[in-house]
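Numbering (the numbering used here), first residue to last: 148 to 737.
The C-beta atom is built at its ideal place from N, Cα and C for all residues, glycine as well.
Here the structure is a predicted model, which is why all the values come from computation and not from measurement.
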């Protein structure tokens, strides 16, 4: 049975819809164009059709996982129940301008075949992968795509819904020109519950933590979105593929994927402004903590960039209009001069040929003057164009990412560059938002002072750039110490802290006592009990600190029993013992 015929047996679908043609094949199921006609008007929609299990191979995979053959029916029924319960989330997303609109669904059980057909009706849109064949995306288009997808994820974040499969095949274009995110929910639902389900094509845009089976959040979807934007600003090639126009070998995709999963930083895409490339690289950072943490954050940066880019074309159009006006005025003047010459010549038509010959030098002289005037006019126009082409303002300061992290006591020396190059010698001013977190020199060198976060402000002429600086500890944990040390006055204890991670195990360690009258500590961690009481010893290394308490008590003194028989002897003995208490010998205390 063909795919279309399989689902055609349910026609009319949803009461009035009929399958017209197959328009796509996803990782899970097929997509068909469906339509219905009312009073001469034809309406179109899309049908996502999924059969569970897809076929004998899927059943074999389930059996090979340990599911008994007699339990297959119950296994699949539980799966279908889980999917049915998830349609409530699709309903919540309904009506959003940036998400493909879910309209209806049906789940049909085929008891004779031990399978279920899941039919989902959505609005019919143009897939991005088809659109770009005839209309390659410009930088402006990629920026708009990023904004629209962030808005879709922003809305889904309200319901804690993750997509997990953002890729060009799941992005569509509405007649309004808006980009919409599709295949929301169903692929995720099935993958969550279907053992060893095929994930064709998803690895290309998958975040590392998802691939490695680690915990993930919305930053994983933003990572995938960043890769989609990267692709369309890199001649259609994902990171670490051969540079355009080099040929692509059959195993280059696998090599590129291995490079990404190894943690190697992505090179910037070949096209796009420096600011947009920075945004994409941040979204695609290997470590989730280095990425945008929410769609709101990424959307803010993209909106700021669009606002800035909108100003430039507007100014250019004004300049173009003024140039055209100058050119048109010049043409009108030349035209009017030509007309005057013609009229003048016509009025002299009644003169004799001899008279015209006698006056011939004058028109030739006027023609030369007109030619000179035209050349001067052309030079003025070219000069005006050249002046208009000269940048009038700083548009960017490159050399440092929008967000950077430094280790405690670390330094960063970026190589700043002003764009456009016309202003390369302009003075750059730097200011730290909090000198207690980091300081910055006149040359822009950043010195980490303490653990924390603050903004670095960079300014050249009227342009201002803000960089978020995070100072993080080298040492993340100090172990190997007791919570409390009990000492007698005069005793000592050696502190032996263990620093983690191991790469910073040799960082210098400092020790301080909260009360040197009770206990002192030297630079090597040797604690000496001085007098009774409690003192806290602070151990600091690599930006991390911990404390241990020193409890100092007086030694326990006891009086040995007298061995004499006479009271006199006993008193004498007692006096001697009393004098011995001052010595604190081994028999005097425990």
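Where the alpha helix (DSSP H) through residue i begins and ends
i           : result
residue 222 : 219 to 240
residue 377 : 365 to 379
residue 208 : 203 to 211
residue 745 : Shown here, the chain extends from 148 to 737; a query on residue 745 therefore has no answer.
residue 294 : 286 to 304
residue 281 : 275 to 281
Cutoff 6 Å; reference residue i; Cβ partners in own chain excluding five residues on either side
i           : result
residue 571 : 565
residue 197 : 175, 176, 265
residue 363 : 356, 357
residue 626 : 645
residue 670 : none
residue 183 : 163, 164, 190
Proximity to residue i [Cα-Cα], best of the options
i           : options            : result
residue 694 : 701, 685, 702, 700 : 685
residue 267 : 178, 328, 320      : 178
residue 272 : 247, 260, 253      : 247
residue 314 : 361, 424, 620, 350 : 350
residue 193 : 355, 167, 185, 199 : 167
residue 291 : 323, 312, 261      : 323
residue 567 : 421, 276, 398, 633 : 421
residue 391 : 409, 641, 418, 369 : 418
residue 633 : 683, 382, 604      : 683
residue 544 : 408, 202, 653, 614 : 614
residue 270 : 318, 306, 282      : 318
residue 240 : 307, 630, 159, 220 : 307
residue 553 : 520, 524, 587      : 587
residue 154 : 256, 230, 559      : 256
residue 234 : 278, 455, 330, 280 : 330
residue 160 : 172, 191, 383, 186 : 191
residue 93  : 298, 199, 276, 367 : Look at the range of the chain in this structure, 148 to 737, and you will see that residue 93 is not part of it.
residue 172 : 673, 311, 276      : 276
Other residues of its chain near residue i: CB distance less than 7 Å, five sequence neighbours each side excluded
i           : result
residue 301 : 442, 443, 446
residue 244 : 325
residue 399 : 388, 389
residue 502 : Any reading at residue 502 needs caution, since the residue's pLDDT is 44, under 50, leaving its predicted position unreliable; the model's value is listed next. If we look at residue 502 and ignore the five residues flanking it on each side, it has no Cβ neighbours.
residue 664 : 677, 678
DSSP-derived helix/strand/coil call for residue i
i           : result
residue 319 : strand
residue 674 : strand
residue 624 : strand
residue 566 : strand
residue 428 : helix
residue 398 : coil
residue 686 : strand
residue 344 : Since pLDDT at residue 344 reaches only 40, below the 50 mark, its modelled position is unreliable, and the value read off the structure follows with that caveat. Three-state result, residue 344: coil.
residue 351 : helix
residue 552 : strand
residue 180 : strand
residue 588 : coil
residue 362 : coil
residue 640 : strand
residue 454 : helix
residue 157 : coil
residue 602 : strand
residue 716 : No answer about residue 716 holds up, because its pLDDT of 43 lies below 50 and its placement is not dependable.
residue 448 : helix
residue 572 : coil
Limits of the beta strand (DSSP E) - the one that residue i falls within
i           : result
residue 194 : 188 to 199
residue 309 : Counting along the chain, residue 309 falls outside any beta strand (DSSP E), and DSSP gives it neither H nor E.
residue 608 : Element bounds for residue 608: n/a, residue is neither H nor E.
residue 413 : Counting along the chain, residue 413 falls outside any beta strand (DSSP E), and DSSP gives it neither H nor E.
residue 171 : 165 to 172
residue 268 : 262 to 269
residue 250 : 249 to 257
residue 433 : No beta strand (DSSP E) holds residue 433; DSSP gives it neither H nor E.
residue 691 : 691 to 700
residue 544 : 543 to 545
residue 663 : Careful: residue 663 lies outside any beta strand (DSSP E) and carries neither H nor E.
Own chain, CB closer than 8 Å to residue i, minus 5 neighbours either side, in chain order
i           : result
residue 403 : 385, 386, 387, 388
residue 490 : Residue confidence for residue 490 is low, a pLDDT of 38 falling below 50, so the modelled location carries little weight; the figure read from the coordinates is stated next. Once the five neighbours on either side are set aside, residue 490 has no close Cβ partner at all.
residue 608 : 540, 541, 570, 573
residue 430 : 369, 370, 372, 373, 376, 438, 439, 445
residue 701 : 635, 636, 679
Nearest-angstrom beta carbon gap, residue j and residue i [assumed within contact, 8 Å]
i           : j           : result
residue 263 : residue 227 : 5 Å
residue 603 : residue 616 : 5 Å
residue 681 : residue 696 : 6 Å
residue 688 : residue 655 : 7 Å
Cutoff 8 Å: residue i Cβ touching any chain C Cβ
i           : result
residue 276 : Absent from the structure: chain C. Only one protein chain is present.
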